[in-house]
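Have a look at the structure below, then the notes.
Number of protein chains: 4
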Amino acid sequence: MVDDQDETFTTKRPTCKNLEKILYQPFQILDHGFIRVVDYMGDDNAIVQAARVSYGKGTKQVSQDKGLINYLLRHKHTTPFEMCEIKFHVKLPIFIARQWIRHRTANVNEYSARYSLLSREFYIPKKEHLSSQSASNKQCRSEEGLSDREAERVLEILQEDATRCYQNYLNLMNQTEEGQIINPDNSGIARELARMNLTLNQYTQWYWKIDLHNLLHFVKLRSHPHAQFEIQEYAKCILDIIKLWVPFTYEAFIEHVRDSVTLSKTGISVVKRMLAGDKVTQEESGMSKREWGELMEALEINEG
Amino acid sequence: MVDDQDETFTTKRPTCKNLEKILYQPFQILDHGFIRVVDYMGDDNAIVQAARVSYGKGTKQVSQDKGLINYLLRHKHTTPFEMCEIKFHVKLPIFIARQWIRHRTANVNEYSARYSLLSREFYIPKKEHLSSQSASNKQCRSEEGLSDREAERVLEILQEDATRCYQNYLNLMNQTEEGQIINPDNSGIARELARMNLTLNQYTQWYWKIDLHNLLHFVKLRSHPHAQFEIQEYAKCILDIIKLWVPFTYEAFIEHVRDSVTLSKTGISVVKRMLAGDKVTQEESGMSKREWGELMEALEINEG
Amino acid sequence: MVDDQDETFTTKRPTCKNLEKILYQPFQILDHGFIRVVDYMGDDNAIVQAARVSYGKGTKQVSQDKGLINYLLRHKHTTPFEMCEIKFHVKLPIFIARQWIRHRTANVNEYSARYSLLSREFYIPKKEHLSSQSASNKQCRSEEGLSDREAERVLEILQEDATRCYQNYLNLMNQTEEGQIINPDNSGIARELARMNLTLNQYTQWYWKIDLHNLLHFVKLRSHPHAQFEIQEYAKCILDIIKLWVPFTYEAFIEHVRDSVTLSKTGISVVKRMLAGDKVTQEESGMSKREWGELMEALEINEG
Amino acid sequence: MVDDQDETFTTKRPTCKNLEKILYQPFQILDHGFIRVVDYMGDDNAIVQAARVSYGKGTKQVSQDKGLINYLLRHKHTTPFEMCEIKFHVKLPIFIARQWIRHRTANVNEYSARYSLLSREFYIPKKEHLSSQSASNKQCRSEEGLSDREAERVLEILQEDATRCYQNYLNLMNQTEEGQIINPDNSGIARELARMNLTLNQYTQWYWKIDLHNLLHFVKLRSHPHAQFEIQEYAKCILDIIKLWVPFTYEAFIEHVRDSVTLSKTGISVVKRMLAGDKVTQEESGMSKREWGELMEALEINEG
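Chains as they are written, first to last, in my numbering: chain A, 1 to 304; chain B, 305 to 608; chain C, 609 to 912; chain D, 913 to 1216.
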């Protein structure tokens, strides 16, 4: 499926040299997954150009492109970022695809297991990425790994179950991976039925096309430390691609979105009091213990 | 999770008596699935009311509600149908959820297997719904069933693999379905990891909220004979609910959408020539064999 | 067009008493505009219910509804807020409608001037809302009003031009507001053409339906002091309605969204240094003068 | 604002020669409007490629690209068409912009009259496009033109009112079109206020980016004979551009969408009876007079 593209063309369209260099080239993610850029539209300049349509003659002031992009992202003027578009070809485990697809403002064409056989490929984590349920966060895994013995047993189970289920997927259809009939006396069941026997770490693939504004939102949520490790790997690779594609936007995104901190109404009032020299405690702050803890963490204040 | 709701309230909102009767009540779909309506907004009258805002004083002519709704759907004036909204609670196998979620203009809250344990419930088809790959349609199952012996073997495999995978899902987390630790020396892996060992016929559930226009589109696609049987079952149940909720819209939908036929430019010219008494053949029609076959089928002309 | 609704019904749906009290009742905005709620779905509890589907058995901890809603909004878990829906009937000047419609995730049925005559109603600002272009902000008006004499002249022009254009709108169609033919020898031009002669302060009206998540976003942007005064008036009225409808969400919105402050990566590092007792200046902060000014303003630090 | 782009670049992206030829080049629409393509992504081949991801190994059969595109559009498999994207720069009268913006699945950056002065340009129809209200269709203009004398009077009014309103727009801001202060004793009102005095035929402009699937939908609705003439002019120009860009899609669109006919359930049964030699009349058809008339028109049967 990987269409190598060596041909080059002449275009008058905005062209991004650094992105051209990696066009079509797959970046490996996890054990069998990948991301590759298969097309794109626009660059940092297209954002500036769209903003300038809005501002018309009124923009002499913010005349430098980098400053303008910074300004747009700082003030959440997001529509100019919708003027850039990118298309990826992604291979990913189904349980990750199910998280990914929740981002609705995007276009998707997924490999259909009603039409075609899925390949014998499933995600088996590396030993170092296995860990127990987090005690503090209901949705996350903890930092602590498993004992070697337990980790090996886990990988064995994952490997065995996925392998058996895949083999039975073929058996149910009465055909080999190459499409040979196994037992001439059987008819096999249809692909759309047999696929239900596969495990959720089975790989699938899709074309995914999205505008830059929505892509930044995806990256923000999915590269967050609380996102599942596996989708973080994809999100981080996408962030690297964004850096090549639209470097000014990348910088502004890190500064004003990814690494920014939002303080609540009460949070900002606490900070003001602290700056004025007040001693503020959780009890009289009006914040819950949890919120207070989050604020102290953001301010890197160690109350130990 | 099924919140029985016996309380009643007084409201000035448009209220649909027939829908109130089945509110919160689950309709069983497949072996462990269900659909139930948990809230709704508007009725046939709300569509008429929205259309009348658009038409203002100009609508005296199409003054009867039923006629107006018919007119709107016939001419694809779809925005008034967006003025009605409905919320479902649905339990469904994951491989069906993956088809369903492709309808993007809807709101979804799905049970999260990062937060909570999934129940030991997976879809096992009835024997009569097992069938082989269709020879003529690359994406469908055929009409023909399997031999009894083969069908039994198929069900056995599906049952065994799902059961084993579910048991190992628990083992991987080192806990029982009730949350008891299995082996005190193990830590188990996090829920977000363990779930990858489940099979695609595992049941999940979600709240799904959508406007009537987009719901009709869903029903049109997913109740189509070429849709997968399992999602058809849900779509047909939804269509029954639509009939209770907005009976005029239901009728117009059957007449102008579900059972309508679209003829291509060439198709309509063929029909005109036939009506004028011409003998038309595929060869000189300008249509491909496949298109011609589809046209003859639509016109119920047997060329045998 | 204002359909008084005195009838009441019995429903098992979640019902919000405080919203029922004002259902259908128009709130006046500007000189001839209004907003009224014509239908709604869900309440604070529906948000909690949707969140609990996601969290399943995993939510015992955040068991209090108010705390959960607070948590959801603080951490931008926005999908449960999409489970509530509201429908408004709004009358507003066309130049404001053009700003409003940029919020795309909503359903709209607007009065059509192709079908029907528009009424002789246009927005004329109050004298105290007239002011000159802001010197500091390219998109805003300033705080300073006009001289009485100039203000009167402005209102005179607005009144005269709108009146003449409206009268000529009728003349172009060769009919009076009541639909009488003016000159039997003329045919008049079609409504779809004549409307182009109207001024942008002409009132229009529409039904507008939106989910709570997107509504909060609308209110955040359009009640902002930098938004145009006229749309602020509508946004503030909607915020009052939200307070009646979903009081927990309202409170969380004020605390974590409307009155929150986002500090950039550099901004938060400056705050940390200040809290540690450092003297930080704009020059060595790495921030532009403009960003520095915005930060000092957020922290209410007067740098003399 | 028209950025002439003479530079060319080397790219590995799919490139459409025929579209490159007209890139950035404005096509005049109406008296002062235009459309020009400023960027694009993909071509016919990108649609095929996306479809092939879905069909995987299962597509050998429909191997020819043109046939596949035809098949996709015939069976309303629309997602592959979302894989192409195009960006236009459009200048258009405000009353047309208001129709246009109702297509929500698109990205827009409009010239902001809060930031900048609008130019002295408004749409004045050609005499031959002036006509009276249609007697049969509540939303359309008729075929019949106006008397020369009336037409001249109409154009005079439109010209006068737009000119006066524009001049007063400047007067209200107390500045000339070039930004010179008119009366040093006045402060003028802000741009965001003054614009309300403009007429709806005032020109605005925007960048508009949309995927091919949604663009085809736009063209279908807006090039329809019942659409307003002025927006038809834009839609037809866009259709010409589509023909250059994706010629296979263009052909399939004409055949299966624009010039197709949808027959209702009853309509198709009438056709079947007619083909079987029955005489069918409106009375016993079960169709309303209006629907029957529409059917006879589609079949070009003259019942006179």
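Note that beta-carbon positions come from the ideal geometry of N, C-alpha and C, so glycine has one too.
- Residue burial is scored here from C-beta neighbours: Q309/B has fewer than 16 other C-beta atoms within 10 angstroms and is therefore classed as exposed.
- Around the beta-carbon of Q1087/D, 16 or more other beta-carbon atoms lie within 10 Å, marking it buried.
- In this structure, the beta-carbon distance from Y1081/D to H944/D does not fall below 8 Å.
- The shortest C-alpha to C-alpha distance from I493/B to any of K209/A, S134/A and Q167/A is the one to S134/A.
- Per DSSP, S423/B has no beta-bridge partner at all.
- Under DSSP, V1020/D takes part in a beta bridge, and its partners are W1120/D.
- When V646/C, Q767/C, T687/C and A658/C are compared, the shortest CA-CA separation from V342/B is found for A658/C.
- The segment 855–867 of chain C and the segment 680–699 of chain C touch, with three or more beta-carbon pairs separated by less than 8 Å.
- E838/C counts as buried, since no fewer than 16 other beta carbons sit within 10 angstroms of its beta carbon.
- Its Cα nearest to that of P125/A, the residue I157/A stands out among A106/A, A113/A and I157/A.
- Excluding its 5 nearest sequence neighbours in each direction, H129/A has C-beta neighbours in its own chain below 7 Å: F229, listed in chain order.
- About 11 Å separates the beta carbons of I981/D and D955/D, which is beyond the 8 Å limit, so they are not a contact pair.
- Beyond the five residues adjoining it in sequence on each side, L239/A comes within less than 7 Å, by CB distance, of V219 and S223 in the same chain, given in chain order.
- For P733/C, there is no enclosing alpha helix (DSSP H), as DSSP marks it with neither H nor E.
- The CB of W1118/D comes closer than 8 Å to the CB of V53 in chain A, given here in chain order.
- The beta carbon of I242/A sits closer than 6 Å to those of Y250, all from its chain and outside the five residues before and after it, given in chain order.
- Excluding the 5 residues flanking it on each side, F248/A has same chain C-beta neighbours closer than 6 Å at D44, K66 and I69, in chain order.
- Counting only residues of its own chain and dropping the five nearest sequence neighbours on each side, G267/A has a CB closer than 6 Å to the CB of L295.
- By DSSP's assignment, L847/C forms no beta bridge with any residue.
- Nearest to D769/C by alpha-carbon distance, out of G1091/D, N1109/D, C1052/D and F993/D, is N1109/D.
- Identification of residues in the segment 1010–1022 of chain D having a C-beta nearer than 8 Å to some C-beta of chain A yields N1019, V1020, N1021 and E1022, given in sequence order.
- Listed by position along chain B, the residues whose Cβ is nearer than 9 Å to that of K620/C are Q309, D310, E311, T312, F313, E324, L327 and Y328.
- Burial check for R141/A: the Cβ neighbour count within 10 Å reaches 16 or more, so the residue is buried.
- Restricted to the segment 533–608 of chain B, the beta strand (DSSP E) segments that are unbroken, complete and at least 3 residues in length are 565–567, listed in chain order.
- Three or more Cβ pairs closer than 8 Å define a contact, and the segment 506–524 of chain B meets that threshold against the segment 407–419 of chain B.
- Boundaries of the beta strand (DSSP E) harbouring R340/B: G337 to M345, taken from the DSSP string.
- Three or more beta-carbon pairs separated by less than 8 Å are not found between the segment 884–900 of chain C and the segment 280–298 of chain A, which leaves the two stretches without contact.
- In summary, the residues of the segment 854–867 of chain C whose CB is separated from some CB of chain A by less than 7 Å are I862, E863, H864 and D867, in the order they occur in the chain.
- Of the candidates T1193/D, F1000/D and Q1011/D, the residue whose Cα lies closest to the Cα of Y936/D is F1000/D.
- Under the Cβ criterion of 8 Å, Q1092/D is not counted among the residues facing chain C.
- For K978/D, the enclosing alpha helix (DSSP H) has its first and last residue at D977 to R986.
- For V698/C, the beta-bridge partners assigned by DSSP are I643/C and W814/C.
- Nearest C-alpha to Y1115/D among P1137/D, I1006/D, Q1011/D and L1058/D: I1006/D.
- Among the CB atoms of chain B, one or more fall inside 8 Å of the CB of K817/C.
- Taking every protein chain shown into account, the CB of Q767/C has fewer than 16 other CB atoms within 10 angstroms, so this residue is exposed.
- Within its own chain, the residues whose Cβ lies closer than 7 Å to the Cβ of I1093/D, once the five positions on either side in sequence are excluded, are N1086 and Q1087, listed in chain order.
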